[in-house]
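Going by our numbering, the residue at position 183 of the sequence shown is 183; the numbering climbs one at a time, nothing skipped.
Every residue gets a Cβ at the ideal spot worked out from N, C-alpha and C, and that includes glycine.
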Amino acid sequence: MRVRSSGTAGGVAAAGPAGSVARSEAASAALAPAPVRRTGDTASIMGVPEAELTPNVQRALLTLMGEVDQLRRETEALRAKVRDLESLADRDVLLPVLNRRAFLREVSKALSLAERHDAPSALVYFDLNGFKAINDTYGHAAGDEALKVVADTLSSKLRDTDAVGRLGGDEFGVVLVLTAVEAAERKAEELADAIAEAPIHFEGLTLNLKAAWGVQALESGITPETAMAEADAAMYARKQAAA
1 MRVRSSGTAG GVAAAGPAGS VARSEAASAA LAPAPVRRTG DTASIMGVPE AELTPNVQRA
61 LLTLMGEVDQ LRRETEALRA KVRDLESLAD RDVLLPVLNR RAFLREVSKA LSLAERHDAP
121 SALVYFDLNG FKAINDTYGH AAGDEALKVV ADTLSSKLRD TDAVGRLGGD EFGVVLVLTA
181 VEAAERKAEE LADAIAEAPI HFEGLTLNLK AAWGVQALES GITPETAMAE ADAAMYARKQ
241 AAA
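Here it is as C-alpha cells:
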C-alpha cells in the first residue's frame with residue numbers, strides 16, 4: 001500500500017530512515033489500545049507531558065476518567081429524579097392536571113406576558129353541576145371517575161400552550177394563552193358542552209355532568225388571586241342567572 005505524503009514527489013512516501021520512523025510511529029498509534037489513546041488525550045487536555053505518561057500515570061488517569069464518568073451518570077440520574085419530583089409536586093393528587101398551586105403559577109405567567117407585551121390571555125373558572133349528587137348517590141369512587149372524565153375532556157380540547165388545573169373539589173380552571181375575552185367565552189361554552197356530552201361510565205351506569213363557567217381577562221395590573229376571585233364571581237353570577 002502506498003502512503004501519500006505532501007512532502008514527496010508524486011505522493012509517494014519518503015524513503016530512508018526518516019520515512020521508516022514516521023511509518024513506525026503512525027502504526028504504533030493506530031495499534032495502541034483504546035484506553036491508552038484515551039488517557040493520552042486526557043493527559044494532553046490536562047497538560048501532562050507525554051514523557052510523563054508512565055504506566056502508573058496511565059492507570060491513575062484511567063481511574064480518574066472512570067470516576068468522572070460515574071459522577072456524570074449519577075448527576076444525570078439525579079436530574080431526572082428532580083424533574084420527576086417537580087412534575088409530581090405540580091400534579092393534582094388524583095387527576096393528570098395541575099394542582100391549584102401550579103395552576104396559579106400559570107396564571108401568573110400569563111399575567112406577566114400581558115404586562116410585558118400587552119397581550120392579554122383569559123382565565124376560565126368551571127364548577128361542576130350535579131357532582132355532589134353523583135358522589136352522594138354512588139359513592140366517592142363514582143365521583144373520582146367523574147372528575148377524571150372531566151379532566152380528560154378539558155385536556156383533550158386545549159392547546160399545548162394552555163393550562164388546566166383542579167382548583168379544589170369539583171372546580172377546575174383553564175388558562176387560555178393569548179386569547180381575548182370574547183374568544184375565551186366561546187371556548188368556555190365549547191368546553192362546557194364537551195363536559196355535558198362526555199359519558200361517565202361507572203359499574204354499568206352511564207352518568208353525565210354539566211358545568212357552569214366564568215371568564216376573566218388576564219391583563220396587567222391584577223394579581224393571580226384577584227383574577228381567580230373575579231372568574232369565580234363571574235361563574236357564580238352565570239350559575240345564578242341560569243337557575
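| query | result |
| --- | --- |
| Sequence-distant residues of its chain with Cβ nearer than 7 Å to leucine 113 (five each side left out) | Ala119, Ser121 |
| Runs of beta strand (DSSP E) lying entirely within the region 102-143, each at least 3 residues, in chain order | 121-129 |
| Identity of the residue in Pro96, Gln58, Trp213, Ala141 nearest alanine 237 by Cα | Trp213 |
| Member of Lys239, Leu209, Ala231 whose CA lies at the smallest distance from the CA of aspartate 144 | Leu209 |
| Coil, strand or helix - arginine 159 by DSSP | coil |
| Residue nearest to alanine 151 in terms of C-alpha spacing, selected from Met228, Ile200, Gln216 | Ile200 |
| Range of the contiguous alpha helix (DSSP H) that encloses threonine 226 | 224-242 |
| Which residues DSSP lists as bridging valine 149, in chain order | None, per the DSSP bridge assignment. |
| Residues near glutamate 190 by beta carbon distance below 8 Å, same chain, minus five either side | Lys157 |
| Three-state class that DSSP yields for aspartate 69 in the structure shown | helix |
| Buried or exposed (CB count within 10 angstroms, at least 16 for buried), threonine 153 | buried |
| Contact under 8 Å by Cβ, arginine 100 with glycine 168 | yes |
| Alpha carbon of serine 24 to alpha carbon of glutamate 76, nearest angstrom | Unreliable positioning characterises serine 24 in this predicted model, as indicated by a pLDDT of 45, which lies under 50. A coordinate reading is not provided. |
| Helix, strand or coil at valine 177 according to DSSP, with G and I counted as helix | coil |
| Exposed unless 16 or more other CB atoms sit within 10 angstroms - verdict on glutamine 70 | exposed |
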